[in-house]
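Below: one structure, written as structure tokens.
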Amino acid sequence: MPMFQAYALAIMTRLHLRQGQFTAAEAAIERGKIQSTRAFDLPFVILVEAELALRQRDYERALAATNDLPAHFHQFGLRVYIPEALYLRGKTLWGMGNTEAARNSLLEARAEAEAIGSRRMLWPILGTLSQLATDPTEAGRLRQQAQEFIQSIADSIGNPDLRASFLGLADVLEVMSL
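Numbering-wise, the sequence shown is residues 126 to 303 according to this note's numbering.
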């Protein structure tokens with residue numbers, strides 16, 4: 126597979142997912158699996174496979190996809206993707222009803238995201254942690270932090286149309302309405 130084609134397929138798959146085109150997303154994932162000839166390429170494809178499986182509530186498939194992802198990204202020096210892999214695993218475990226394991230995975234995702242300064246991943250992680258928190262004060266604090274990260278990102282987007290597009294994303298709206 127030409128360099129970065131797996132990454133491009135992963136981005137295309139994400140676009141299909143955002144539009145609810147699961148069949149097209151699945152086809153892109155399968156094409157990526159077939160065409161990924163280097164070990165470096167496959168984790169990008171598996172990451173979006175986990176996201177698709179999670180959206181389809183196929184928790185077993187999502188869990189299988191996320192099990193080795195953090196280690197693969199670490200192996201290739203792609204630390205920026207580790208928080209996302211851990212986040213998807215946490216959401217998957219939560220969907221399976223394993224709240225404690227979900228919380229642990231999300232706390233690990235949070236630590237990784239904070240270590241690399243990933244605002245992109247901190248707001249969804251914090252938003253999900255707020256939903257899992259049993260203490261209302263802690264839930265409120267986490268929710269507020271997530272919303273502050275969203276607002277910070279929105280404030281940094283100079284183009285009004287892009288800012289509105291970001292603020293209109295379903296995941297953003299969900300966290301802002303918590």
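Built from N, CA and C at the ideal position, the CB exists for glycine as well.
> Mind pulling the alpha helix (DSSP H) runs of 4 or more residues that sit fully within the region 178 to 215?
Replying inline: Whole alpha helix (DSSP H) segments, 4+ residues: 184 to 191, 194 to 200.
> Enumerated in chain order, which unbroken segments of the alpha helix (DSSP H) with a length of 4 residues or greater are wholly contained in the region 137 to 161?
Replying inline: Entirely contained in the region 137 to 161, the alpha helix (DSSP H) runs reaching 4 residues are, in chain order, 147 to 160.
>> Since residue 140 and residue 176 should fall inside the 8 Å C-beta cutoff, what is the C-beta to C-beta distance between them, to a whole number of angstroms?
In response: Indexing the sequence shown from 1 puts residue 140 at position 15. Indexing the sequence shown from 1 puts residue 176 at position 51. Here residue 140 is actually not in contact with residue 176; their C-beta atoms are around 12 Å apart, not less than 8 Å.
>> Measuring only the C-alpha atoms, how far is residue 266 from residue 255?
In response: The sequence position of residue 266 within the sequence shown is 141, counting from 1. The sequence position of residue 255 within the sequence shown is 130, counting from 1. In this structure, the alpha-carbon of residue 266 lies about 8 Å from that of residue 255.
>> Three Cβ pairs or more, each shorter than 8 Å: is that satisfied between the region 215 to 233 and the region 277 to 291?
In response: No, because fewer than three Cβ pairs between the region 215 to 233 and the region 277 to 291 fall closer than 8 Å, the two stretches do not touch.
>> To test your reading of the DSSP string, which unbroken beta strand (DSSP E) runs of 3 or more residues are found completely within the region 256 to 294?
In response: The qualifying runs do not exist here; there are none.
> If we ignore side chains and look at the alpha-carbon of each, how far apart do residue 228 and residue 211 end up?
Replying inline: Walking along the sequence shown from the start, residue 228 turns up at place 103. Walking along the sequence shown from the start, residue 211 turns up at place 86. So the two alpha carbons sit approximately 10 Å from each other.
> Using 8 Å as the threshold, is the region 181 to 189 in touch with the region 216 to 223, meaning 3 or more CB pairs across them?
Replying inline: Enough Cβ pairs lie closer than 8 Å, so yes.
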